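Below is one structure, written out as structure tokens; the observations come after it.
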Amino acid sequence: MQVKEVKLLGMVSTFSAVCNNCKIEKKITTSGGGDKESYHIHEQLVKSTLWCGTGFAGATSMFVAFNFDPLSEKSYYKIAKKIEEEGIGKLERAMEKSRAILHDILNERDGNNNEVKDIYVSCDGSWSKRGFTANYGFVSVIEVSTGYCVDFVVLSKWCKTCVGISGGQVPDHECTKNFHGSSPAMEVEGWKMLWGRSVAKCKFRYMQVVSDGDSKGITAVQTLDPYGVPIEKFECVNHVAKQLGTALLNASKKSTSRW
17 MQVKEVKLLG MVSTFSAVCN NCKIEKKITT SGGGDKESYH IHEQLVKSTL WCGTGFAGAT
77 SMFVAFNFDP LSEKSYYKIA KKIEEEGIGK LERAMEKSRA ILHDILNERD GNNNEVKDIY
137 VSCDGSWSKR GFTANYGFVS VIEVSTGYCV DFVVLSKWCK TCVGISGGQV PDHECTKNFH
197 GSSPAMEVEG WKMLWGRSVA KCKFRYMQVV SDGDSKGITA VQTLDPYGVP IEKFECVNHV
257 AKQLGTALLN ASKKSTSRW
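So this is what it looks like as structure tokens:
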């Protein structure tokens, strides 16, 4: 039998095995999938670089390290787009299931079948970098008693295509920028979006909120007044403890006496 490699695409090889007697040929590919953009190993590689945040540059370095021809930038982002669409579909189904379970729990606990439920939530944002210079991130609402995520919104003031155009007309594209303003204002906008659509999308009213003490989001939604009734704010114990501990530490450093 003769075995030889007849094709190499990225990290995927296709081998041909030919019987010396009957001349029957059998081709074997080292990864499932149909073409360069859908081979499973390429999808997993792109997914891992997206998770790690290394992106196309990280994927190229991986190919070079193993002495493979790297994916083109076009192929990389085609795979990334496929992963994104599949992920969004799974996410939406998971969120719908989470909200349905929460409704059932509240129906059983409260003994009523009201279509819109009042719930006690925690809300906060997570951003791409610390400080107030992040270009993207998300704000989420979590029901306190169950820990179920009820809703979230992703905000971005950055778009790869727009940034790549130094001047002239920006071509038609799917722009990832959905916010225009300062980085600190993104979290406030996220709060307002989540409260503004809570009834229509989720069938919930976020009437009681636990958040950090310096959050401007709660002030924004109280001003927005989406339900026509006051929204209560509660301090997060962890944040209060941290602030108290920091204050005591600073006070002890200023003291000249020995404890």
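Quick note on this note's numbering: the sequence shown kicks off at 17 and runs consecutively.
Where is the CB? At the ideal position from N, CA and C, for every residue including glycine.
Fair warning: this is a prediction, and the values are worked out from it, not measured in the lab.
Burial state of residue i (16 or more Cβ within 10 Å)
{"i": "M17", "result": "exposed"}
{"i": "G103", "result": "exposed"}
{"i": "W143", "result": "buried"}
{"i": "V169", "result": "buried"}
{"i": "C139", "result": "buried"}
{"i": "I117", "result": "exposed"}
{"i": "L87", "result": "buried"}
{"i": "G147", "result": "exposed"}
{"i": "E323", "result": "Residue 323 is absent from the structure shown; the chain starts at 17 and stops at 275."}
{"i": "S231", "result": "buried"}
{"i": "S91", "result": "buried"}
{"i": "V19", "result": "exposed"}
{"i": "V179", "result": "exposed"}
Rounded straight-line distance, which links the Cα of residue j to that of residue i
{"i": "T149", "j": "A96", "result": "26 Å"}
{"i": "F72", "j": "Y164", "result": "33 Å"}
{"i": "K133", "j": "T162", "result": "14 Å"}
{"i": "N130", "j": "S172", "result": "35 Å"}
{"i": "L210", "j": "N266", "result": "37 Å"}
{"i": "V237", "j": "K208", "result": "6 Å"}
{"i": "G261", "j": "F250", "result": "19 Å"}
{"i": "V253", "j": "T45", "result": "56 Å"}
{"i": "T76", "j": "F31", "result": "24 Å"}
{"i": "I57", "j": "K113", "result": "30 Å"}
{"i": "R109", "j": "A216", "result": "17 Å"}
{"i": "G197", "j": "A81", "result": "41 Å"}
{"i": "D228", "j": "K258", "result": "11 Å"}
{"i": "K23", "j": "P200", "result": "51 Å"}
{"i": "V186", "j": "S214", "result": "35 Å"}
{"i": "H189", "j": "G233", "result": "31 Å"}
{"i": "G127", "j": "H119", "result": "11 Å"}
{"i": "K269", "j": "C68", "result": "40 Å"}
{"i": "E248", "j": "R115", "result": "22 Å"}
{"i": "E124", "j": "Q224", "result": "20 Å"}
{"i": "K43", "j": "A33", "result": "6 Å"}
{"i": "G49", "j": "K145", "result": "36 Å"}
{"i": "I181", "j": "G74", "result": "23 Å"}
{"i": "V245", "j": "T239", "result": "11 Å"}
{"i": "N37", "j": "E21", "result": "20 Å"}
{"i": "F220", "j": "E101", "result": "27 Å"}
{"i": "A263", "j": "V155", "result": "28 Å"}
{"i": "S271", "j": "K106", "result": "56 Å"}
{"i": "Y93", "j": "T70", "result": "13 Å"}
{"i": "N151", "j": "T177", "result": "15 Å"}
{"i": "E89", "j": "N194", "result": "24 Å"}
C-beta contact flag for residue i and residue j at 8 Å
{"i": "V206", "j": "P242", "result": "It is worth fixing the name first, because residue 206 is Gly in this sequence and not Val. No, these two residues do not count as a Cβ contact at 8 Å."}
{"i": "V160", "j": "V226", "result": "yes"}
{"i": "L14", "j": "M78", "result": "For the chain, the structure presents residues 17 to 275; residue 14 sits outside this window and is missing."}
{"i": "V204", "j": "V166", "result": "no"}
{"i": "C175", "j": "T192", "result": "yes"}
{"i": "G153", "j": "M202", "result": "yes"}
{"i": "K63", "j": "I99", "result": "yes"}
{"i": "F84", "j": "G26", "result": "yes"}
Whole-number beta carbon distance between residue j and residue i, since they are thought to touch under 8 Å
{"i": "V28", "j": "S54", "result": "In fact, because the Cβ distance is near 10 Å, the residues do not count as touching under 8 Å."}
{"i": "I135", "j": "Y222", "result": "6 Å"}
Minimum Cβ-Cβ distance from residue i to chain B less than 8 Å
{"i": "S54", "result": "Protein chains in the displayed structure number just one, and chain B is not present."}
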